[in-house]
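Inspection log for the structure reproduced underneath, given as structure tokens.
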Amino acid sequence: MNIKFFENATSTNELAKEFNEPWTVIVAGGQTKGHGTKGTSWFSPKGGLYFSVVLPRDNLKDLETITILGAFIVSKIIKQEFNLEPFIKLPNDVYVNNKKICGILTENIIQKTIKSSVIGIGLNTNIDEFEGGLNATSIKIETKKEVDNIKILKLILTELKKQYGV
Amino acid sequence: MNLKIKIKNKEYNIEILEEESEVKIKVEGKEFAFPIEGNNSTDKFLAPQMNLPKKDFSIKEIKAVMAGNLSDIFVKEGDTIKEGQKLFILSAMKMENEIIAEMDGKIKKILFKVGDQIREGDILITLV
């Protein structure tokens, strides 16, 4: 798996769209233009885990499923590693204690058929506080412990690849 | 009756046959038949007079390959676009789908606006 680390990025999804090779992973320490659906911004200060994966070309129905699976994978890992009780707001958000902890955005480029697909995951890991008005939390806020971002990244990627049978 | 006519320096052999209910005209062996006026026989060979469906093949269309909500438009009518240029974002199931141009062209008409619900197969824009 080809993992590219960036100290800072505009948006990992935007960077990932530049790559054609499936399973290329773009990881950023922070994002200046992290976003969710319909242009909503995703608060991405340093400390969080922000990454995007170039997916193998697939049909749209299966890509809808992979977005939902992404939310299930993150929830499973949050539960398993930190003993938190996540719930999924289908299809693409994960909450802990009624506060958003993770958002997933799958983006496709279509020119008659799918040219490329990327799944972007923003997980609030080591974030101490959120901008006013954001109904969000982080693993660190919930557990009072520092999170090993690389370990969590590897766990998520392994599970994601498992879904594709690779 | 046999004729020879010349059109743009090319000679054509024409044979005209009058039968009971129709007149047959053979051009280089290809047969066209016309009913004799007042005769109610079938006009199945009236191909030269048929109205063909009207379609302007010079107009190109870009259709939606999927259903979704049109959440962003990056071009406007009159724009000249290049193959691969980003045109729209169609959102569905919280997935964002960037629709890019299949061909070069000039946008004649954009048939939807931001916020519209698009069905698979809808014509999104026409190009000239």
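Going down the list, the protein sequences come from chains A and B.
To convert, note that position 12 of the first sequence is 28 in our numbering; the numbers rise steadily by one, no gaps.
To convert, note that position 71 of the second sequence is 1167 in our numbering; the numbers rise steadily by one, no gaps.
Each residue gets a CB set at the ideal place from its N, CA and C atoms; glycine is no exception.
Asked: For the stretch 1199 to 1219 of chain B against the stretch 1157 to 1168 of chain B, do three or more pairs of beta-carbon atoms, one drawn from each stretch, fall closer than 8 Å, so that the two count as touching?; Found: yes
Asked: Of the choices A:Thr159, A:Ile19 and A:Asp78, whose alpha-carbon is the least far from that of A:Ser68?; Found: A:Ile19
Asked: Quick check: A:Leu121 and A:Thr53, are their CB atoms within less than 8 Å of each other?; Found: yes
Asked: Tell me the start and end of each unbroken beta strand (DSSP E) in the stretch 30 to 106 of chain A that is at least 3 residues and wholly inside, in chain order.; Found: 40 to 44, 65 to 71 and 102 to 105
Asked: Starting from B:Gly1109, trace the beta strand (DSSP E) both ways and give me its first and last residue.; Found: Rather than Gly, the amino acid found at residue 1109 of chain B in this sequence is Asn. Run containing B:Asn1109: Lys1106 to Glu1114, per the beta strand (DSSP E) assignment.
Asked: From B:Ile1195 to B:Phe1184, what does the alpha carbon distance come to, in whole angstroms?; Found: 5 Å
Asked: Short of 6 Å in beta carbon distance, which residues of its chain neighbour A:Asn29, apart from the five on each side in sequence? Order them along the chain.; Found: Ser68, Glu123, Val134 and Gly136
Asked: A:Ile125 CB to nearest chain B CB: under 8 Å?; Found: yes
Asked: Under 8 Å Cβ-Cβ, which residues of chain B neighbour A:Glu30?; Found: Ordered by position in chain B, no residue passes the 8 Å Cβ test against A:Glu30, which lies about 11 Å from the chain.
Asked: Could you tell me whether the Cβ atoms of A:Tyr66 and A:Ala44 are closer together than 8 Å?; Found: yes
Asked: Under 9 Å, CB to CB, which of the residues in the stretch 1177 to 1195 of chain B have a partner in chain A?; Found: Glu1179, Gly1180, Lys1182, Ile1185, Leu1186, Ser1187, Ala1188, Met1189, Lys1190, Met1191, Glu1192, Asn1193, Glu1194 and Ile1195
Asked: Identify the residues that DSSP records as bridge partners of A:Asn18: which are they?; Found: A:Thr40
Asked: Opposite A:Asp109 in the DSSP bridges: which residues?; Found: A:Lys105 and A:Gly119
Asked: Any idea what DSSP makes of A:Leu169, helix, strand or coil?; Found: helix
Asked: Taking 8 Å as the threshold (C-beta atoms), are A:Ile117 and A:Ser154 in contact?; Found: yes
Asked: Where does B:Lys1204 sit, in a helix, a strand or coil, going by DSSP?; Found: strand
Asked: Beta strand (DSSP E) containing B:Glu1192: first to last residue?; Found: Met1191 to Ile1196
Asked: Report yes or no: is there a C-beta of chain B within less than 8 Å of the C-beta of A:Glu34?; Found: no
Asked: Taking the continuous beta strand (DSSP E) assigned at B:Ile1121, which residues delimit it?; Found: Glu1118 to Val1123
Asked: Around the C-beta of A:Gln96, are 16 or more other C-beta atoms found within 10 angstroms, so that it is buried, or is it exposed?; Found: exposed
Asked: Please classify A:Lys156: does DSSP put it in a helix, a strand, or coil?; Found: helix
Asked: Report yes or no: is there a C-beta of chain B within less than 8 Å of the C-beta of A:Lys128?; Found: yes
Asked: Since B:Ile1219 and B:Gly1174 should fall inside the 8 Å C-beta cutoff, what is the C-beta to C-beta distance between them, to a whole number of angstroms?; Found: Going by Cβ atoms, the distance from B:Ile1219 to B:Gly1174 rounds to 18 Å, so no, they are not a contact pair.
Asked: Say whether chain C places a C-beta atom closer than 8 Å to the C-beta of B:Val1161.; Found: No chain C appears in this structure, whose protein chains are A and B.
Asked: Are any of the Cβ atoms in chain A nearer than 8 Å to that of B:Glu1157?; Found: no
Asked: Taking C-alpha atoms, which residue in B:Pro1131, B:Glu1124, B:Val1171 and B:Asn1098 lies nearest to B:Glu1116?; Found: B:Pro1131
Asked: What residues in the stretch 62 to 96 of chain A bring their beta carbon closer than 8 Å to a beta carbon of chain B?; Found: Leu76, Leu79, Glu80 and Thr83
Asked: Give a yes or no on whether 8 Å exceeds the smallest Cβ distance from A:Pro107 to chain B.; Found: yes
Asked: How is A:Leu176 classed by DSSP in three states: helix, strand or coil?; Found: helix
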